[in-house]
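Below is one structure, written out as structure tokens; comments come after it.
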DNA sequence: CATGCTTGGATAGTGACACTGTCCGACAGT
DNA sequence: ACTGTCGGACAGTGTCACTATCCAAGCATG
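Residue numbers (the numbering used here), protein chains in the order written: chain A, 209 to 419; chain B, 209 to 419.
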């Protein structure tokens, strides 16, 4: 199909698709002449994934490029590529400061990981964006004076572990390795708004029940 | 204290504080002369909350203003003010389209709410941003061809219900109504990155266990 | 009192981001 | 040949969260 049809079927404007091509989020089409290019179903699929990551998942264009590059990097092993979304995506680049709230947060998180039995090498793991973001968030809560020690975090951690089982089950349902990797990226990112929305709706529900 | 001290104790630059004052995220200080103003501890506390909402919670300045205004609106009842964060915060302004994926998503979500026993008037509830965002997210997953019907959503919904109990317990620990409302806002928003980070870390953990 | 610093308010500017608009030289269909 | 569409290049747009600059009015020190 041509760019115009790709645009129509994906819902993205041709200008946006050209922009994604420029930014490397989409492979160029097969050149059919000096001024025409042809795109296939896999382009459409990728484009839809990119749109979903950016619009629904709130991923930046640069991060989306990183994620997709990692997911497609054949030189990485399956496990690493499955984690592409986790590693390349989320967070602010602030390393630990000498802030006492951050120190408290680090201790709480470390204790939490031990209680949960999660194996995070402390050396390597400071590189994990999710870990850094967790510490930043906990530090912010501490700074505001809200209880956010291991006791408060534990229920969240246990629920996260349950979610991970459900999520990986969904990934393993995919028949092909490539399908599993795409599913890992899509489900990791796109179930986040699902989860947050449900939590807020549950708040409203529980609050209505109590008051 | 003066603006400079407020800046030092909160970590925000004076320019940023002036910006927040302009935008109505912070009450003006008590005018002490034609060119000086004095701020109190409650200003510092509010400023820290605003910073956390914006930096950690990823809330926009405009949304933060809305949330704070609702939380402080004495004419609303306690229950409504508790829900300030839920209602004023998150989501894209897209109403339902005539997209078949959206229609499917609506059906799945409606069935989910019934299974969970959550009481959402369908008429009123389309106004709930969380509900709209949920539908948008599910629609995106449907569009990509991932299973996202009531069966897949149910575990998420049940876990969200459990989280809501924990969260409201934390809110109810606050002694004063005003404290409860601030806690509701802060905990609703700031536990979101905590939850998402933990989920990603749990993914890594579970994935390592399986592969 | 003069001097030089700081203060808070007003206003304009910045840089990042995700597009979007415009132009142009090929084609492709008739 | 004519007309419309195509893809590529590149400059421009709107939004957002600040940030830099000015300014006049204090205050602090000599």
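No residue lacks a Cβ here, since even glycine has one placed at the ideal position from N, Cα and C. As the structure is a prediction and not an experimental result, all values here were calculated from the model.
Exposed unless 16 or more other CB atoms sit within 10 angstroms - verdict on residue i
i: residue 286 (chain B); result: exposed
i: residue 388 (chain B); result: buried
i: residue 241 (chain A); result: exposed
i: residue 254 (chain B); result: buried
i: residue 281 (chain A); result: exposed
i: residue 218 (chain A); result: buried
i: residue 340 (chain B); result: buried
Own chain residues within Cβ distance below 8 Å of residue i, not counting five before or after
i: residue 211 (chain B); result: 222, 225, 226, 237, 245, 247
i: residue 290 (chain A); result: 379, 388, 389, 392
i: residue 385 (chain A); result: 286
i: residue 395 (chain A); result: 375, 378, 379
Proximity to residue i [Cα-Cα], best of the options
i: residue 348 (chain A); options: B:368, B:242, B:257, B:320; result: B:257
i: residue 406 (chain A); options: B:280, B:328, B:216; result: B:328
i: residue 249 (chain B); options: B:271, B:209, B:233; result: B:209
i: residue 274 (chain B); options: B:383, B:417, B:233, B:344; result: B:233
i: residue 376 (chain A); options: B:382, B:359, B:418, B:278; result: B:418
i: residue 326 (chain B); options: A:251, A:385, A:413, A:220; result: A:413
i: residue 215 (chain A); options: A:252, A:239, A:231; result: A:252
i: residue 168 (chain A); options: A:324, A:278, A:276, A:353; result: Residue coverage of chain A in this structure runs from 209 to 419, which leaves residue 168 (chain A) outside it and unanswerable.
i: residue 416 (chain A); options: B:288, B:277, B:269; result: B:288
i: residue 338 (chain B); options: A:292, A:410, A:394, A:278; result: A:410
i: residue 322 (chain B); options: B:292, B:359, B:336; result: B:359
i: residue 306 (chain A); options: A:394, A:344, A:239, A:283; result: A:344
Nearest-angstrom beta carbon gap, residue j and residue i [assumed within contact, 8 Å]
i: residue 408 (chain B); j: residue 294 (chain A); result: 5 Å
i: residue 346 (chain A); j: residue 261 (chain A); result: Between residue 261 (chain A) and residue 346 (chain A) the Cβ distance is about 27 Å, and since that is not below 8 Å, they are no contact.
i: residue 259 (chain B); j: residue 311 (chain B); result: With 8 Å as the limit, residue 259 (chain B) and residue 311 (chain B) do not qualify as a contact, their Cβ atoms being about 41 Å apart.
i: residue 423 (chain B); j: residue 342 (chain A); result: One cannot answer for residue 423 (chain B) here, as it falls past the ends of chain B, which runs 209 to 419.
i: residue 400 (chain A); j: residue 320 (chain B); result: Not confirmed; about 17 Å, so no contact.
i: residue 367 (chain B); j: residue 284 (chain A); result: The pair is not a contact, with the Cβ atoms about 31 Å apart (cut-off 8 Å).
Close-in-space but distant-in-sequence residues of the same chain around residue i (CB under 6 Å, 5 per side omitted)
i: residue 351 (chain B); result: 309
i: residue 357 (chain A); result: 316
i: residue 239 (chain A); result: 245
i: residue 324 (chain A); result: 365
i: residue 336 (chain A); result: none
Neighbourhood of residue i by C-beta distance below 7 Å, restricted to the same chain and skipping five residues each side
i: residue 229 (chain A); result: 236
i: residue 264 (chain B); result: 398, 401
i: residue 355 (chain B); result: none
i: residue 231 (chain A); result: 269, 273
i: residue 382 (chain A); result: 388, 391
i: residue 276 (chain B); result: 233
Should the stretch 367-382 of chain A be called in touch with the stretch 356-366 of chain B, which here means at least 3 C-beta pairs below 8 Å?
As far as the Cβ criterion goes, the stretch 367-382 of chain A touches the stretch 356-366 of chain B, which means the pair count is three or higher.
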